[in-house]
Each structure stands twice: as structure tokens, then as C-alpha cells.
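Notes to accompany the following structure.
In this note's numbering, the protein residues as written are -1 to 138.
This is how it looks when you write it as C-alpha cells:
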């Protein structure tokens, strides 16, 4: 048996809202990329948390895609990639599907820097920017 004496996988605890908790109390969201429930959760949180100050985003978020955990930057409601980047070669849309998204993200990251496109995805109506990723487990 490989990995004897060592945990092969990490564990996770999922915490749902307790009675009396409100969406405006959510400060951090972690979800699996491609999970259709994430779209509903985003919509509910944003309905209660979108800040009147466009410079302040309502919560921090991360996603699990493949064997990686990525921090994401939620973009402003008015964000449109073409308006910001001007050239479609400068950004790459990561499909909201775990397998297709993982493949597209790997393709994006395989391109040489500094000409690598910026990885962006959409969760429901909002754009997110993939910022910092880390492996969740070793692939042995």
C-alpha cells in the first residue's frame, strides 16, 4: 500500500447557513468549478451584498478545478473582457465545467509568459479572474 502512514487525501468541512444566518454575512466562498449550485449562491449573495461603492467587492472566493485550488477575483458587475483587454488574444475564457475548464486552464498556463492570456471565467452573470493556484495533492 502506497502512502502508508500518510493521509492520501485532505478532508473538507462544508458549512451551511444556520438558522438566522443571512447571505449578507457571507465573507468567503469556496466551490467546485462547474457546480451549478454556485450560480444560485452567487446570485443570492450578490443580491444581498453588492456594494454601492464599485471599488469594494462583496466577498472573497476560491474554486477547486481538477486537483488545484484557485483564488478568484470577482469582477465588477459592468466588467466586459473585451472592453478591458481590447484584444481577444490577451484573455482566455475558462468554460464553467470542471473537465473542460481544467483543460482550458492547463492550455492557457502552458503558453509562454509574458504573452500568456489572462484566464477569466463566468459564474452566472459575473466574471472572475483566476489569480493564484496551488495543488491540493501530489499526483504520484
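Just so you know, even glycine gets a beta-carbon here, dropped at the ideal spot from N, CA and C.
Asked	Found
Taking just the CA atoms, how far does residue 36 sit from residue 26?	13 Å
How many Å lie between residue 124 and residue 96 at the Cα?	17 Å
When DSSP labels each residue in this structure, what does residue 59 get in the three-state scheme?	strand
Relative to the alpha-carbon of residue 41, which residue among 98, 122, 126 and 30 has its alpha-carbon at the smallest distance?	122
Is residue 5 helix, strand or coil when you go by DSSP?	Bear in mind that a pLDDT of 39 at residue 5, under 50, signals an unreliable position, so the model cannot answer this.
Count the other C-beta atoms from every protein chain shown that fall within 10 angstroms of the C-beta of residue 86, then say buried if there are 16 or more, exposed otherwise.	exposed
Using 8 Å as the Cβ pair cut-off and three pairs as the minimum, do the segment 65 to 84 and the segment 106 to 113 touch?	no
Skipping 5 residues on each side, what residues in its chain have a beta carbon closer than 7 Å to that of residue 133?	65 and 66
Beta strand (DSSP E) containing residue 131: first to last residue?	124 to 133
Using the rule of at least 16 other Cβ atoms within 10 Å of the residue's Cβ for burial, across every protein chain shown, is residue 72 buried or exposed?	buried
The alpha helix (DSSP H) with residue 107 in it runs from where to where?	96 to 108
Check the Cβ-Cβ distances between residue 66 and every residue of chain B, and say whether any is below 7 Å.	You won't find chain B in this structure, because it holds only one protein chain.
Thinking C-beta only, is residue 117 closer than 7 Å to residue 92?	yes
Quick one: what does DSSP say residue 35 is sitting in, helix, strand or coil?	helix
Do residue 99 and residue 63 count as a contact pair if the criterion is CB distance below 7 Å?	yes
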